[in-house]
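*Asks:* Each protein sequence line maps, in turn, to chains E and L. Note that our numbering has the first sequence beginning at 19, numbered continuously upward. Note that our numbering has the second sequence beginning at 19, numbered continuously upward. The C-beta atom is built at its ideal place from N, Cα and C for all residues, glycine as well. Pasting a structure below so you can have a look.
2 protein chains.
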Amino acid sequence: MCCYIVGMNLSVNKSAAQANARPSYHHGDLRQSLLMAAKSLIAEAGIESLSLRKLAERAGVSRTAPYHHFSDKNDLLCAIAAEGFCRRHRAAAQAFDDPNLSPRDKFEQFICGYIQFAAENPEEYELMFGRNIWKQKNSTQELRDVAYPCFQHQLEMIRSWQQCGLIGGDNPLRTSQVIWGTVHGIAKLWIDGIYTDSAQIEEVSLCAVKMFINKTA
Amino acid sequence: MCCYIVGMNLSVNKSAAQANARPSYHHGDLRQSLLMAAKSLIAEAGIESLSLRKLAERAGVSRTAPYHHFSDKNDLLCAIAAEGFCRRHRAAAQAFDDPNLSPRDKFEQFICGYIQFAAENPEEYELMFGRNIWKQKNSTQELRDVAYPCFQHQLEMIRSWQQCGLIGGDNPLRTSQVIWGTVHGIAKLWIDGIYTDSAQIEEVSLCAVKMFINKTA
DNA sequence: GCTCAATTTTGACAGTGTCAAGATGTGTTG
DNA sequence: CAACACATCTTGACACTGTCAAAATTGAGC
Chain E
19 MCCYIVGMNL SVNKSAAQAN ARPSYHHGDL RQSLLMAAKS LIAEAGIESL
69 SLRKLAERAG VSRTAPYHHF SDKNDLLCAI AAEGFCRRHR AAAQAFDDPN
119 LSPRDKFEQF ICGYIQFAAE NPEEYELMFG RNIWKQKNST QELRDVAYPC
169 FQHQLEMIRS WQQCGLIGGD NPLRTSQVIW GTVHGIAKLW IDGIYTDSAQ
219 IEEVSLCAVK MFINKTA
Chain L
19 MCCYIVGMNL SVNKSAAQAN ARPSYHHGDL RQSLLMAAKS LIAEAGIESL
69 SLRKLAERAG VSRTAPYHHF SDKNDLLCAI AAEGFCRRHR AAAQAFDDPN
119 LSPRDKFEQF ICGYIQFAAE NPEEYELMFG RNIWKQKNST QELRDVAYPC
169 FQHQLEMIRS WQQCGLIGGD NPLRTSQVIW GTVHGIAKLW IDGIYTDSAQ
219 IEEVSLCAVK MFINKTA
C-alpha cells in the first residue's frame, strides 16, 4: 500500500477504494479527519460497530496511525462526546437566553429540546452518556471540562424555574437530578428501542412538562 | 484436557484449575450452570468483560460447548435478562398487592423500589435495559414474553394511582412513560457513574415521589 | 450389542485493540 | 547546504473475541 508515493499529478486515475488517499506521507490534519470519519461511521452503523481499523481505513491511513493522535479508542470517543456536549450546551443556552420566551416556554423548550436532541442524534447521545465513557476512570479531562459546565447550567436553569414558582421541589439539586433523570430516561428508553411506538416522543415530552409544572402557577 | 476420562474415585487430587471439572463427559445441566456462572462473572467484572470463552472456562467446559444451549451470545444475555425481569416483576407485584399499604405508600414503594433494584444490581439492570438486547431484532421471544407483561403491569399501577387522584397526567400511557422514564433515567445516570455523589440516591427517589404526587391530594 | 441423536471437543477463521520496532517525512540547527 | 531531532506513519505481532465446521464421545432406545 504505497499510495503515498505517487506524485500529485499521477494520482488521478486510481481505484475507488483509494479515493481518499492523500498525496503526501504526512496527512496534515489527521486528527480532525479521524473525528469526522468516526462521526460519519457512527451515524451510519452505530457506536458498537465502530472499530479503529475501519476508521483508519476510511481515513486512508494505516491501522495504528490513530494512536499518534489519540492515546486510546476511549480517548477518541471522549473527544467526539465532548463535541456533542458543546453543541448541546450552545443550543440549550441560546433558548434559555431568548428574551422573547416566558419561563414556561423556556421550560418546555428545555424538556422537548433535550429529548429531541437525543432522538435526532441517537448514536451521539448514546456515546455522550454511555457507560463506557463515564464508568471507572474512563472520562478524559477534556471531556469533563466540557461536560461539567453543561450539567451546572442545567442546575441553574432548574433553580431559576423554581424561584419563579413554575416548578416545585425543594432542594434545587435534587429537583434538577429528578428532571434530568426524566428527560434522560425518556430519551434512553426511546433510543434503546424499548418504547415500541416511537412516533409519539413529542407527546411524551409534553406530558412530562405538564406533570412538572405547578398547577397553581 | 481429558479431565472427563478420570473416574469419580480418582478425581480427588487434581489441580485447583480443574476444581469444577465434572466427572462425566456430559455435563448434565450445563445450561443452568452457564447461567449461574455468567451471572457471577457479570457481577464480578461487568457485562462488557463477559466473554463466552471465559464463561466456558469457568463452567469447566470447552469454548464452543455453550453454543449447544444458546444459539448466540445474545441469546444467553437475553436469558439472563429474562430472569431479572421475573425477579423484578415478582417484587413489584408483591408490594402493589400488599393490603396494608396506602396508595401513596405503594407509589413511593414503586419509585424507590425500582431505583433500589437498579442500584443494587447495576450490571443486571444494565443488561435488562441495555441497548444491545433491545435494539434491532436482538430480543428473544422468551425475553419479550417475560418483559412485556412487566411493562404492562407498570401501566396498570400508574392507571390505578391516577384513578384515585394520587398523581396527575391525563393519558395513562403517556403518564406511565414519563414516570418510567424518570425512574429509568435516575437509575441509569447513577449506574453509569454520571451522578458524582452516589450516596444520595434515596433522597433523589423521594424527591421524585414528591414532585409527582398531587398537592391537592 | 448396535444405532442414533445429543452433547462436547478440537481446529479454524475473521475481526478486534494495542504494543514495539522500523520507515518516512518536516523542521531546525550547525 | 548538511545533519540531526522529532513528529508522523507503517508493518509486524500478540492476545483476545464470537462463531462455524467437522470430528469425537457418550447415553438412550431398539
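For a cutoff of 7 Å on Cβ pairs, would you count Gln195 of chain L as touching chain E?
*Replies:* Yes, Gln195 of chain L lies at the interface with chain E (some Cβ there is under 7 Å from its Cβ).
*Asks:* I'd like to know if Cys96 of chain E contacts chain L, where contact means its C-beta is closer than 7 Å to some C-beta of that chain.
*Replies:* Cys96 of chain E does not count as touching chain L.
*Asks:* Check each candidate in E:Leu145, E:Ile197, E:Glu142, E:Ala55 and name the one with the smallest Cα separation from Phe128 of chain E.
*Replies:* For the residues E:Leu145, E:Ile197, E:Glu142, E:Ala55, the minimum Cα distance to Phe128 of chain E belongs to E:Ile197.
*Asks:* Roughly how many angstroms separate the alpha carbons of His87 of chain E and Arg122 of chain E, rounded to a whole number?
*Replies:* Whole-angstrom Cα-Cα distance: 45 Å.
*Asks:* By Cβ distance below 6 Å, which residues in the same chain neighbour Glu220 of chain L in space, the five residues on each side in sequence not counted?
*Replies:* Correct list: empty, nothing qualifies.
*Asks:* So, at 6 Å on beta carbons, what are the nonlocal neighbours of Thr200 of chain E in its own chain, with the 5 sequence-adjacent residues on each side left out?
*Replies:* These residues qualify, in order along the chain: Ala226.
*Asks:* Would the region 82-102 of chain E count as touching the region 161-178 of chain E if we require 3 or more Cβ pairs under 8 Å?
*Replies:* With the cut-off at 8 Å, the region 82-102 of chain E and the region 161-178 of chain E touch.
*Asks:* How would you call Cys182 of chain L, buried or exposed, if buried means at least 16 neighbouring beta carbons within 10 angstroms?
*Replies:* Classification for Cys182 of chain L: exposed.
*Asks:* When the cut-off is 7 Å and only beta carbons count, does Thr158 of chain E lie next to chain L?
*Replies:* By this cut-off, Thr158 of chain E is not an interface position.
*Asks:* Buried or exposed: where does Pro84 of chain E fall if 16 or more other Cβ atoms within 10 Å of its Cβ makes it buried?
*Replies:* Per the 10 Å Cβ criterion, buried.
*Asks:* CA-CA distance, Glu160 of chain E and Leu48 of chain E?
*Replies:* Going by the C-alpha atoms only, they are around 19 Å apart.
*Asks:* By Cβ distance below 7 Å, which residues in the same chain neighbour Pro140 of chain E in space, the five residues on each side in sequence not counted?
*Replies:* Excluding residues within five positions, the ones whose Cβ falls inside 7 Å are Ile209.
*Asks:* Identify each residue in the region 138-157 of chain E for which the Cβ-Cβ distance to at least one residue of chain L is less than 8 Å, and report them in chain order.
*Replies:* Hits within the stretch, in order: Glu144, Phe147, Gly148, Arg149, Asn150, Trp152, Lys153, Gln154.
*Asks:* For Phe88 of chain L, go through chain E and note every residue whose CB falls closer than 8 Å to its CB, in chain order.
*Replies:* Neighbours of Phe88 of chain L on chain E: none; closest Cβ ~20 Å, over 8 Å.
*Asks:* By the three-class DSSP mapping on this structure, what secondary structure does Ile231 of chain L have?
*Replies:* Strand.
*Asks:* Distance check for Val79 of chain L and Ala39 of chain L, CA to CA, integer angstroms please.
*Replies:* Since pLDDT at Ala39 of chain L reaches only 46, below the 50 mark, its modelled position is unreliable, and the value read off the structure follows with that caveat. Cα to Cα, Ala39 of chain L sits roughly 8 Å from Val79 of chain L.
*Asks:* If you reduce the DSSP assignment to three classes, tell me which class Ile5 of chain E lands in.
*Replies:* Because chain E spans 19 through 235 in this model, residue 5 of chain E falls outside it and cannot be assessed.
*Asks:* Grouping DSSP H, G and I as helix and E and B as strand, with all else coil, what is Phe88 of chain E?
*Replies:* In the structure shown, Phe88 of chain E sits in coil (DSSP, three-state: anything other than H, G, I, E or B).
*Asks:* Quick check on the DSSP output: what are the complete beta strand (DSSP E) runs of length 3 or more inside the region 157-181 of chain E, in order along the chain?
*Replies:* Runs of the beta strand (DSSP E) inside the region 157-181 of chain E: none found.
*Asks:* Quick one: list the residues of chain E neighbouring Ile209 of chain L, beta-carbon separation under 8 Å, in chain order.
*Replies:* Under the 8 Å cutoff, chain E gives Arg149.
*Asks:* Can you tell which of L:Gly203, L:Phe114, L:Phe230, L:Lys72 has the C-alpha that lies nearest to the C-alpha of Gly187 of chain L?
*Replies:* Gly187 of chain L has its Cα closest to that of L:Phe230, out of L:Gly203, L:Phe114, L:Phe230, L:Lys72.
*Asks:* Any beta-carbon of chain L closer than 7 Å to the one on Met175 of chain E?
*Replies:* Chain L, which has no Cβ nearer than 7 Å to the Cβ of Met175 of chain E, makes this no.
*Asks:* Where does the unbroken alpha helix (DSSP H) through Glu144 of chain E begin, and where does it stop?
*Replies:* Segment 140-147, the alpha helix (DSSP H) holding Glu144 of chain E.
*Asks:* When the Cα of Leu53 of chain E is compared with those of E:Ala63, E:Arg76, E:Glu66, E:Ser67, which residue comes out closest?
*Replies:* It is E:Arg76.
*Asks:* Using a Cβ cut-off of 7 Å (strictly closer), state whether Cys225 of chain E contacts chain L.
*Replies:* Yes - at least one Cβ of chain L is within 7 Å of the one on Cys225 of chain E.
*Asks:* Starting from His202 of chain E, find everything on chain L with Cβ-Cβ shorter than 7 Å and list it in chain order.
*Replies:* Within chain L, the residues near His202 of chain E are Gly203, Lys206, Leu207.
*Asks:* Taking Lys206 of chain E and Gly211 of chain L to be in contact with their CB atoms under 8 Å, please state how far apart those CB atoms are, rounded to whole angstroms.
*Replies:* Actually they are not in contact, since the Cβ atoms of Lys206 of chain E and Gly211 of chain L sit about 15 Å apart, beyond 8 Å.
*Asks:* Within 10 Å of its beta-carbon, does Gly46 of chain E have 16 or more other beta-carbons around it, so buried, or fewer, so exposed?
*Replies:* It counts as exposed.
*Asks:* In the structure shown, what three-state DSSP assignment does Thr82 of chain L receive?
*Replies:* Here Thr82 of chain L sits in coil by DSSP.
*Asks:* Within the region 104-134 of chain E, note down every full beta strand (DSSP E) run reaching 3 residues or more, in order along the chain.
*Replies:* Those beta strand (DSSP E) runs which fall completely within the region 104-134 of chain E and span 3+ residues do not exist here.
*Asks:* Using the C-alpha atoms, what's the distance from Arg105 of chain E back to Ser67 of chain E?
*Replies:* About 24 Å.
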